[in-house]
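Participant: Please read through the structure below; I'll follow up with questions.
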Amino acid sequence: MLTYRFLKKLFPVTRGIEDDTIQFHHLFVHPLQAAAKGLFVPLRYEQKELQQAIENGAIAALWKKDVPLPAYVPNHFPIFFVSSPLQALIEIVETYLQSNEMENEKMTRFYLNMEGAHIEENRSYDIAVIDVLKQLEQRLQEEGRGQSC
């Protein structure tokens with residue numbers, strides 16, 4: 001299972017509570033996905049997306065280093081600062097698949113599907129981003145983990 005400690009090794013620049021025992025039951029990219037005890041990986045930086053993710057179960061998030069955090073983010077909420085959330089997501093999946101975290105009975109569920117994502121005011125996700133998500137989903141399933149949704 002993904003843990004705070006696992007992510008801190010990959011992304012040492014953080015903000016918020018530091019608790020190595022935090023476990024992430026879900027990793028998700030769509031802010032409206034219900035994902036209790038989830039790690040949110042934003043692929044867009046709309047003002048309300050992180051708030052929606054928190055409302056839907058996010059207990060931590062990745063965040064692009066040069067994008068200001070919204071004022072509503074609680075001080076204790078764990079944030080892992082990264083150069084590129086998409087690249088960080090790829091690194092998480094690759095490292096997770098190679099780690100002994102996979103040997104535990106409890107595994108993190110990965111929600112990488114953008115289907116059903118609201119396309120409002122002509123805003124959609126980049127085709128290249130969707131292709132990367134599909135490749136990551138396939139990789140998770142090929143490893144026989146069946147944890148991708």
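One point on numbering: in the UniProt record's numbering, the residue at position 71 of the sequence shown is 71, and numbering is uninterrupted.
The C-beta atom is built at its ideal place from N, Cα and C for all residues, glycine as well.
Quick caveat: nothing in here was measured; it's all calculated off a predicted structure.
#1: Check for me: the alpha helix (DSSP H) holding R44 runs from which residue to which?
#2: So, are the CB atoms of P85 and L43 less than 9 Å apart?
#3: With a threshold of 6 Å on Cβ separation, who are the neighbours of L7 within its own chain once the five nearest residues in sequence on each side are excluded?
#4: Quick check for students: name the residue ranges of the beta strand (DSSP E) that lie wholly in the segment 67-101, counting only runs of 3 or more.
#5: Rounded to the nearest angstrom, what separates D66 and Q47 at their Cα positions?
#6: Judging by CA-CA distance, which residue of A35, E18, I90 is the nearest neighbour of A58?
#7: Taking only the alpha-carbon atoms, compute the straight-line gap between Y96 and D131 and give it to the nearest angstrom.
#8: If I measure Cβ to Cβ from E91 and keep anything under 7 Å in the same chain, skipping five residues before and after, which residues do I get?
#9: What did DSSP end up calling K9 once you bin it into helix, strand or coil?
#10: Kindly give me the distance between the Cβ atoms of A60 and F24, rounded to whole angstroms, as I take these residues to be in contact under 8 Å.
#11: In angstroms, rounded to a whole number, what distance separates the CA positions of I54 and K134?
Facilitator: Here's the rundown:
#1: Here R44 belongs to no alpha helix (DSSP H), and DSSP marks it neither H nor E.
#2: When the beta-carbon positions are compared, P85 and L43 come within less than 9 Å of each other.
#3: Exclusion of the five residues before and after L7 leaves F80 as the residues of its chain whose Cβ lies within less than 6 Å of its Cβ.
#4: 79-82
#5: 15 Å
#6: Nearest C-alpha to A58: A35.
#7: 20 Å
#8: Leaving aside the five residues that flank E91 on each side, the residues in its chain whose CB is nearer than 7 Å to its CB run, in chain order, L10.
#9: helix
#10: 7 Å
#11: Each residue's alpha carbon lies about 24 Å from the other.
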